[in-house]
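In our numbering, the protein residues as written are 17 to 162.
Quick look at the structure:
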């Protein structure tokens, strides 16, 4: 059964481990310099949390790194520009980075990653015991300015 994911705030700098994420020596306040964000889609089912990341044209064995530690999934990729003569180009080159918090009940030890057709899919098993069901109607109020 699919359900909406709860909003989880970005990983604060004090919880980001630059050594474990491969960014030792770099400032952690804003992530690595000139890093582009990786576009993702999240999916939470009864038994797994999946992240689909858009990373076309990369070699997953050399260019992509996935790390799961302390409740945070970290994706890192690097794309190098080929030395060819071009008159125009709009591809992005350099470092790509994204860190997301894992949902409650995520089992980091069973994480799997696959890459097909430019999409990286990371699957983290989720136990139902760790998931809390939050149901109820939340009122929405109209803000009136004068």
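Note that beta-carbon positions come from the ideal geometry of N, C-alpha and C, so glycine has one too.
Of all C-beta pairs linking the segment 59-70 to the segment 119-137, three or more are shorter than 8 Å, placing the two stretches in contact.
For residue 76, there is no enclosing beta strand (DSSP E); the enclosing alpha helix (DSSP H) covers residues 76-79. Each residue's CA atom was taken as its position, placing residue 137 and residue 61 some 15 Å apart.
Boundaries cannot be given for residue 103, as no beta strand (DSSP E) includes it and DSSP labels it neither H nor E. For the 8 Å CB-CB criterion, residue 54 and residue 91 form a contact. Listed in chain order, the non-local C-beta contacts of residue 69 below 6 Å within the same chain comprise 54, 56, 91, 136, local neighbours out to five positions each way being set aside. DSSP places residue 124 outside any beta strand (DSSP E), giving it a letter other than H or E.
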